[in-house]
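For reference, the structure discussed in these notes is given below.
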């Protein structure tokens, strides 16, 4: 076979050009910079939700440092760029690239989103993380958000939250009838089935409403955050059971097109920073809640105790009915509900002989 010498040389030069060009393309991708915006559902200065270890502002700093400045994220607390609960639409439409909030804020349009924040009588933080990271939960979260041009990752966790503050002590289920209580999410639906008048109030309005008797009870977060807004000055009965939110996940929401524009290494940095904040924020909450609860009980006259057993039993019954009813009315919710409960059933025996058995000692 005769080889055309000029054609061979031309082909060799073209091939060598491709070999030289390939590193240049990779280098160009690695040198590209991104400037993003993150909005937040919580007001300026809020510990955990805006500032502090593992917070959204800390996440932004971590990403910039880990990426050597290639991905810079400017953070805006609620009201600084958009109103508190408009993050879903802002990220979906690409007005901003990211938003920090809780997925249960979007329950009106996506009921199944609530399962990615907290499920009454569901799983505590260790079980929730196991489901999200290694039990298919994160994939379901992405599937639920895909039609809205969104993806999401866990970025924080408060741990188990307290049942809340009550002006008068609770002794039976009948004491819930007619009670006016600030309570969000799935637990609000459960309480309403037992005759509670559910009120939705932002954090800054809870204390004055409870102090003036506009509401009779309020749930917020836990000892540190509750003390910070002064709820112990308006009520002294602090119920600690935490049935309604055995965990509470902070959501990092990302515009899907913006996410896909990131090189693989920056995507890995975002995921790793979010996971680091998930762990660090939880550790911070556990630390400050321990000190705050001790102060509330020993220095501020607060009585902290679990709910009476008959109330817990009735809440559990109504929770099961509420979740089943919600799942029956929406195919996406049914899929997420069944997956969550299947994992919970598998996880609980291990948790029973592992962490829970140790704590029961």
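In my numbering, the protein residues as written are 56 to 416. Glycine included, each C-beta is placed from N, C-alpha and C at the ideal position.
Simplified DSSP assignment, three categories, for residue i
i: residue 401; result: helix
i: residue 169; result: helix
i: residue 384; result: coil
i: residue 396; result: helix
i: residue 413; result: helix
i: residue 375; result: helix
Exposure label - residue i; buried when at least 16 CB within 10 Å
i: residue 371; result: exposed
i: residue 388; result: buried
i: residue 81; result: For residue 81, the pLDDT reaches just 47, beneath the cut-off of 50, and the residue's location in the model is therefore unreliable, although a value from the coordinates is still provided. Flag for residue 81 reads exposed.
i: residue 414; result: exposed
i: residue 216; result: buried
i: residue 416; result: exposed
i: residue 344; result: buried
i: residue 407; result: exposed
i: residue 397; result: exposed
i: residue 109; result: buried
i: residue 257; result: exposed
i: residue 227; result: exposed
i: residue 164; result: exposed
i: residue 346; result: exposed
i: residue 218; result: buried
i: residue 259; result: exposed
i: residue 87; result: exposed
i: residue 326; result: exposed
i: residue 410; result: exposed
i: residue 386; result: exposed
i: residue 196; result: buried
i: residue 101; result: buried
Rounded distance between the beta-carbons of residue j and residue i, thought under 8 Å
i: residue 200; j: residue 391; result: The pair is not a contact, with the Cβ atoms about 12 Å apart (cut-off 8 Å).
i: residue 240; j: residue 399; result: The pair is not a contact, with the Cβ atoms about 18 Å apart (cut-off 8 Å).
i: residue 111; j: residue 95; result: 6 Å
i: residue 299; j: residue 242; result: 3 Å
i: residue 374; j: residue 176; result: 5 Å
i: residue 303; j: residue 212; result: 6 Å
i: residue 107; j: residue 339; result: 6 Å
i: residue 328; j: residue 121; result: 6 Å
i: residue 361; j: residue 295; result: 6 Å
i: residue 214; j: residue 172; result: In fact, because the Cβ distance is near 13 Å, the residues do not count as touching under 8 Å.
i: residue 273; j: residue 236; result: 7 Å
i: residue 357; j: residue 293; result: 5 Å
i: residue 220; j: residue 323; result: At roughly 42 Å, the Cβ-Cβ gap does not stay under 8 Å, so residue 220 and residue 323 are not in contact.
i: residue 301; j: residue 178; result: 6 Å
### the segment 196-214 contacting the segment 306-313, beta-carbon criterion three pairs below 8 Å
yes
### Query
Considering only residues of the segment 195-267, which uninterrupted beta strand (DSSP E) runs meet the minimum length of 3 residues and lie entirely inside it, listed in chain order?
205-212, 219-221, 235-237, 252-254
### Whole runs of the beta strand (DSSP E) within the segment 284-326, excluding any shorter than 3 residues
292-294, 304-310
### Segments of 3+ residues assigned as beta strand (DSSP E) that fall wholly inside the segment 98-130
none
### Query
Is the segment 155-163 close to the segment 277-297, with three or more CB pairs under 8 Å?
no
### Query
Taking one C-beta from the segment 112-131 and one from the segment 229-236 each time, how about it: are there three or more such pairs within less than 8 Å?
no
### Query
Does the segment 264-271 touch the segment 323-339, meaning 3 or more C-beta pairs lie closer than 8 Å?
no
### Task
For the segment 324-370, list the alpha helix (DSSP H) runs that are entirely contained and at least 4 residues long, ordered along the chain.
none
### Query
Taking only runs of the alpha helix (DSSP H) that begin and end inside the segment 133-196, which ones reach a length of at least 4 residues, in chain order?
142-148, 180-189
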